[in-house]
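2 protein chains.
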Amino acid sequence: MQVKDCLVSAPGKTILHGEHAVVHGKVALAVSLNLRTYLKLKASSNDKVCINLPNIDTFCCWDLSELQQFVPFINDKKDETQRLDAELVRRLRDFMGVTNGNLDNGSTASLAFLYIYLSVFASGELPGLTITVWSELPTGAGLGSSAAYSVCLAAALLCAAGTIPASLKEWDQTARWCQEDLECINSWAFQGETIIHGNPSGVDNAVGTWGGMLRFLAGKIIPLSRVPLLRILLTNTKVPRSTKALVARVKDKINKFPSIMNPVLESVDAISYTCEKVLTCEPITGEHYSVLEELIDINQHHLNVMGVGHPALDTLCRVTLAKGLHSKLTGAGGGGCGITLLRPETDSSVVQSTVQDLKDCGFDCWETSIGGPGVQQHSPSSVKEEILDILDRY
Amino acid sequence: MQVKDCLVSAPGKTILHGEHAVVHGKVALAVSLNLRTYLKLKASSNDKVCINLPNIDTFCCWDLSELQQFVPFINDKKDETQRLDAELVRRLRDFMGVTNGNLDNGSTASLAFLYIYLSVFASGELPGLTITVWSELPTGAGLGSSAAYSVCLAAALLCAAGTIPASLKEWDQTARWCQEDLECINSWAFQGETIIHGNPSGVDNAVGTWGGMLRFLAGKIIPLSRVPLLRILLTNTKVPRSTKALVARVKDKINKFPSIMNPVLESVDAISYTCEKVLTCEPITGEHYSVLEELIDINQHHLNVMGVGHPALDTLCRVTLAKGLHSKLTGAGGGGCGITLLRPETDSSVVQSTVQDLKDCGFDCWETSIGGPGVQQHSPSSVKEEILDILDRY
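Here it is as structure tokens:
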């Protein structure tokens, strides 16, 4: 069986408002981050299945003959894509010599690939193919890099298997899928995320799939329509942190000072609702931007109150405020990443000098946007040359 | 008539928690600040009444004969000390050529003095006397310097008039008055404050009179018993600000974002209650100090959310945190003063180097304490020599 080549991408995600508060039953707004993961699927005639993940130095190849052994154990899962086939995961782990105590990024990424590959092709003949993935996202920074990877895997493999159609028409530069197909992609991506993360919230893969902005409340994920694209700087302070420890720290503080902390969570909740309301206004005016900036500042103070700030994040806020720009941490805090809102009219010289100032602090910094499209299929000419170069190298 | 000399002092005040929130019906904690105003009253035999206020370059003398004209218009006010005699104030303003548009510190301070002097001596013979005042408090910094002055005036003049007894016994270094006498002092001091400020809350003179800590809620002032003395640094950033404009700014923000801001006020309220609860524990342990520090940090973030922060205050917080010390603004914010909590065990070398760092930022900084005694009478030997020197100079 010969599959059709395809080229897909999916965005990262960032939390605009509501990180930590969401753990305590408040709303969070997750948005797509236009640092994207690109995946090229190429048919291969040598009866091999290969995956190349140069970001994490992972390059694996399997003979079709050795993968064939799993086919009898795979149910035709087309009607029940929501649930992970734990037995298949166990068999694949054994096959790869991966134990719970030995779960490096490369192994879990390969595991997720094999799982989706085998599941979507099980009902027919296993095809030879090579998948190469390159991401603009830093890994392990809370930016949904694994979800973007899982979404790309799901989209490309489902497309190659014919479960969903190719979205790209001859004349398109990029194209997206219909709602039903996106739901199919999302549910397979969620299984990939489950293999990689164990117990994901489903937010990251939903953002990678639908893009734009999602409201996340009490486990429910609601994509919001008509969200504008917002220019931002994304800054990685590179201060390492443990999300688990930070979540525990916030919980401890709420338990210690309930009468002081619960109103703060309420205020964060109101920030998310206010932000959502502003972003669904049309058109977004300068006054709306001022409100967005105020909300960013207030939430950053609240996150400091929760105890998840960090001097590096204070530095980010101070350096950007010196240029008239407003920043907050995004995600777990305690270091990690922050976002800085840029206005449509913010001059590129201001952006460039701010980026330089932040780099001078030892941070990584990207000028990008939030609220852009979710997973999409590309014509090669719609992808930046340096990314194509990398994808074509393997 | 020859009055007895006396030497009194009253403390300044600072807001520990609840500034701004108090305007919106929440509780505030006001504490005495052990930067004190000292007043020496000396009988004079030359039929003159003189007041020397070297802090504000104000030196006035009046002949008893010219003050005598007001006596017929003064009611014996012993039973109704709460209400200002607006007619007397008007006559004194005319006498001094002070109009509403010409109210410098020196004029209003002299007006308050003459008002209290005439009122307390009106029922007998006006005595010749000289009053000299020296304050450790900066003026106009929101530290209750005018209230400390009014409290000292009231205590010394009431004492000289025999309305209240001298509290100091021969063997005392310092002594305070009984509750009833303090109430008398406070009500006269409030009238002085009304002359100086127009519409004072009454908190500043209450702190100057009772010292310690007061709970202020919906216009009611409740002195709290058994508050420990806390070591602090008081820092004046010397950034000028308008309390009125800052109060308006907070109100505007609450009106703009009620669902976001009202919970913040609730949280501040809970901070004040929690702080009060901690401070009335005996003994105050290291763990209690940790809570006090956390409350300071949280409230400082909340005040930033209210929009009354300032880069100079951020600098104060950062510089002191680098020494492991926690700071917040006190009072109106937008510059002005901040307080830094010191633990009992904080080494004096740490304190000295922190003070130096803050002075290097261009700030004024004092090592002092909060929660100390209110108005008291002194034997000369209980007063620092440099202060006695100044008081004796006139």
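Quick mapping for you: the protein sequence lines, in order, are chains L and P. For the first sequence, the numbering used here gives the first residue as 1, with consecutive numbering after it. For the second sequence, the numbering used here gives the first residue as 1001, with consecutive numbering after it. Heads up, the beta-carbon is just placed ideally off N, CA and C, and yes, glycines get one too. In this text the structure is predicted, and so the values were computed from the model without any measurement.
- According to DSSP, residue pairing for ILE222/L in a beta bridge involves ARG215/L.
- With the criterion set as a beta carbon lying under 9 Å from some beta carbon of chain P, the members of the stretch 250–278 of chain L are LYS253, LYS256, PHE257, PRO258, SER259, ILE260, MET261, ASN262, PRO263, VAL264, LEU265, GLU266, SER267, VAL268, ASP269, ALA270, ILE271, TYR273 and THR274, in sequence order.
- Each of LEU316/L, GLU345/L and LEU325/L was checked against the Cα of GLY334/L, and the nearest Cα belongs to LEU316/L.
- Taking all protein chains shown into account, GLY1372/P has 16 or more neighbouring C-beta atoms within 10 Å of its C-beta and is therefore buried.
- Proximity of ILE298/L to chain P, defined by a Cβ-Cβ separation below 8 Å, is satisfied.
- Identification of chain P residues near HIS301/L by a Cβ-Cβ cut-off of 7 Å yields HIS1301, ASN1304 and VAL1305, ordered along the chain.
- Residues of the same chain with a CB within less than 7 Å of the CB of HIS302/L, apart from the 5 flanking positions on each side, are VAL264, SER267 and VAL268 in chain order.
- Within the DSSP bridge table, the entry for ALA175/L names GLN377/L as partners.
- The stretch 271–281 of chain L makes no contact with the stretch 317–334 of chain L, as fewer than three CB pairs between them are under 8 Å.
- Separation of the CB atoms of LEU1129/P and ALA1155/P is rounded to 14 Å, and the pair is thereby denied contact status at 8 Å.
- In this model, ARG1090/P and SER1110/P are separated by some 14 Å (Cα to Cα).
- The residue from GLU1170/P, ALA1175/P, SER1150/P and PHE1216/P with its alpha-carbon nearest to that of GLN1191/P is SER1150/P.
- Remark: fewer than three beta-carbon pairs, one from each stretch, lie closer than 8 Å, so the stretch 352–368 of chain L and the stretch 1006–1015 of chain P are not flagged as touching.
- Here the alpha carbons of HIS1020/P and GLU287/L stand approximately 26 Å from one another.
- DSSP places ASN236/L in the uninterrupted beta strand (DSSP E) bounded by 230–236.
- Between the stretch 46–56 of chain L and the stretch 121–136 of chain L there are three or more inter-stretch CB-CB distances shorter than 8 Å, so the stretches are counted as touching.
- Note on geometry: alpha-carbon atoms of GLU1170/P and THR1354/P lie some 41 Å from one another.
- GLU1136/P is bridged by DSSP to nothing; it lacks a bridge partner.
- Taking 8 Å as the cut-off, the Cβ atoms of LEU341/L and ILE232/L count as close.
- Between the C-alpha atoms of ASP1347/P and ASP1005/P there is a straight-line separation of about 40 Å.
- Beta-bridge analysis with DSSP links PHE59/L to ASN52/L.
- The beta carbon of THR1139/P is closer than 7 Å to those of ASN1055, ILE1056, ASN1105 and SER1145 in its chain, skipping five residues each way along the sequence.
- As the crow flies, the alpha-carbon of ASP389/L is around 35 Å from that of LEU88/L.
- Residue environment for ILE370/L: buried (at least 16 other C-beta atoms within 10 angstroms of its C-beta).
- If you draw a straight line from the Cα of GLY336/L to the Cα of GLY362/L, it comes to about 13 Å.
- Scanning the stretch 283–339 of chain L from its first residue to its last, the whole beta strand (DSSP E) runs of 3-plus residues come out as 326–330.
- The beta carbons of ALA112/L and ILE195/L sit closer together than 8 Å.
- In the DSSP assignment, GLY1012/P falls within the unbroken beta strand (DSSP E) covering 1006–1017.
- Contact annotation, VAL250/L with VAL308/L: C-beta distance approximately 6 Å; criterion of less than 8 Å satisfied.
- The alpha-carbon of SER1119/P is positioned some 47 Å away from that of ASP1360/P.
- Counting only runs of 4+ residues, the alpha helix (DSSP H) found wholly inside the stretch 1175–1201 of chain P occupies 1179–1197, in chain order.
- Bridge partners of ASP364/L according to DSSP: ASN236/L.
- Within the same chain, Cβ atoms closer than 7 Å to the Cβ of ILE1221/P are found at GLY1202, VAL1203, ALA1206 and LEU1214, the five residues on either side in sequence being excluded.
- DSSP, reduced to helix, strand and coil, places ILE1074/P outside both helices and strands of the structure shown, so it counts as coil.
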